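S.K.:
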Amino acid sequence: MSEISAQPRRGMQEIDLTQLSLQQIIGLKQQLEGELQLMQESMASLKVAQLRYQGSGDIMEKITPETEGQEILVPLTASMFVPGQLKDTNEVIIDVGTRYYVKKDIAGAKDYFQRKVKFVTEQMEKVQAILIEKKKISDAIMDVTEMKIAQQQQALQSQAS
Amino acid sequence: MEELSMKMQSQLQSFKQVQTELQKAISTRQQLDGQLNENDIVKQELDLMPEDGKVYKSVGPVLIKTDLLEAKQNVVKRMDYISNEIKRLDSQIETLEKKQVEHKTVIQKLQQQLAMAGGMK
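Those protein sequence lines, which keep their order, are chains A and B.
The first sequence lines up with residues 1 to 161 when you count with this note's numbering.
The second sequence lines up with residues 1 to 121 when you count with this note's numbering.
1. Would a check of beta-carbon distances place THR98(A) closer than 7 Å to chain B?
2. To the nearest angstrom, how far is it from the Cα of PRO75(A) to the Cα of PRO83(A)?
3. Does the CB of TYR101(A) have a neighbour CB from chain B at under 7 Å?
4. Helix, strand or coil: how does DSSP classify SER58(B) here?
5. Using 8 Å as the Cβ pair cut-off and three pairs as the minimum, do the stretch 152 to 161 of chain A and the stretch 50 to 65 of chain A touch?
6. Going along the stretch 82 to 96 of chain A in order, which residues come within less than 7 Å of chain B, judged by CB to CB distance?
7. Can you give me the Cβ contacts of SER114(A) inside the same chain, cut-off strictly under 7 Å, excluding the 5 residues immediately before and after it?
8. Is GLU21(B) helix, strand or coil by DSSP?
9. Less than 7 Å between the C-beta atoms of VAL96(A) and ALA109(A), yes or no?
10. Could you tell me the boundaries of the alpha helix (DSSP H) in which THR95(B) lies?
11. By DSSP's criteria, GLU71(A) is part of a beta bridge. Which residues make up the other side?
12. Run through chain A and tell me which residues come within less than 7 Å of ASN39(B), C-beta to C-beta.
13. Which residues bound the beta strand (DSSP E) around GLY27(A)?
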């Protein structure tokens, strides 16, 4: 989960697309497409993370003191369960990453998941902004490519005639 | 002519080798970056814990209770280690990139020489 910045990087410079050769433009387009794909992938994994945190947060609403002693099914594998009883409805243990787990009360856990959802959503917004920007550039490149090809064809035709 | 193409071959080979090394270094560097971020997030979370907060560490299939302070120190230590690794890799990447450029210029020169030799025939 890395921080994503929309700041232009050092060494970036403006280039006039129409000044590039067709080959250069095609190269640029391929590079951009690769970047776009990478970002769409990170968007998808962020979405998964967001849903997971959201889901865990929703479960916290269901664990109340009244549910103490209630029977539950504990999953041993994805398809096998054993019956159990809720013994402690005040505290939960949360996986915070790198193999560390912390004990939190329900309010603390809710807060934790809310914070996480917010963090992931913010990251998604940043990626989305960059994605839109890249899409724009990609469209511009498409236009220039078409123009260049038309120019070349014209030149060929005038040569032939 | 023969000699030139031999030189070219060996240059190309070492160029490719540098390229694979560079790619490997870059992907390791990305991995470390991810780990550093993950540890940073864990550290933030541990810092939010109250002093008597209960922390567990998973060792295989079990959770073992750990001292909060110890856990914090551990994470910081790991972050230091990863940061140092990143620094090391960055300098490695820099040298490899330099090497790559050097190889490129040599190859270009050889290409020119080869073209010249071919033209003279």
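We treat Cβ as the ideally placed atom computed from N, Cα and C, and that holds for glycine.
Everything numeric in this text was worked out from a predicted model, so none of it was measured.
M.R.: Per the coordinate set shown:
1. Interface residue (Cβ-Cβ distance to chain B less than 7 Å): THR98(A) is classified as such.
2. PRO75(A) and PRO83(A): Cα-Cα distance of roughly 9 Å.
3. Closer than 7 Å: yes.
4. The answer is strand: DSSP assigns SER58(B) an E or B state.
5. Judged by Cβ distances under 8 Å, the stretch 152 to 161 of chain A makes no contact with the stretch 50 to 65 of chain A, as fewer than three pairs qualify.
6. Listed by position along the chain: ILE93, VAL96.
7. Strictly speaking, residue 114(A) in this sequence is Gln, with Ser absent from that position. Taken in chain order, the residues that qualify are GLY57.
8. The three-state secondary structure of GLU21(B), taken from DSSP, is helix.
9. Cβ distance not < 7 Å, so VAL96(A) and ALA109(A) don't count as in contact.
10. Where THR95(B) is concerned, the enclosing alpha helix (DSSP H) stretches over 68 to 120.
11. GLN85(A), per the DSSP bridge assignment.
12. By Cβ distance, chain A contributes THR98.
13. Element bounds for GLY27(A): not the beta strand (DSSP E) but the alpha helix (DSSP H), 22 to 62.
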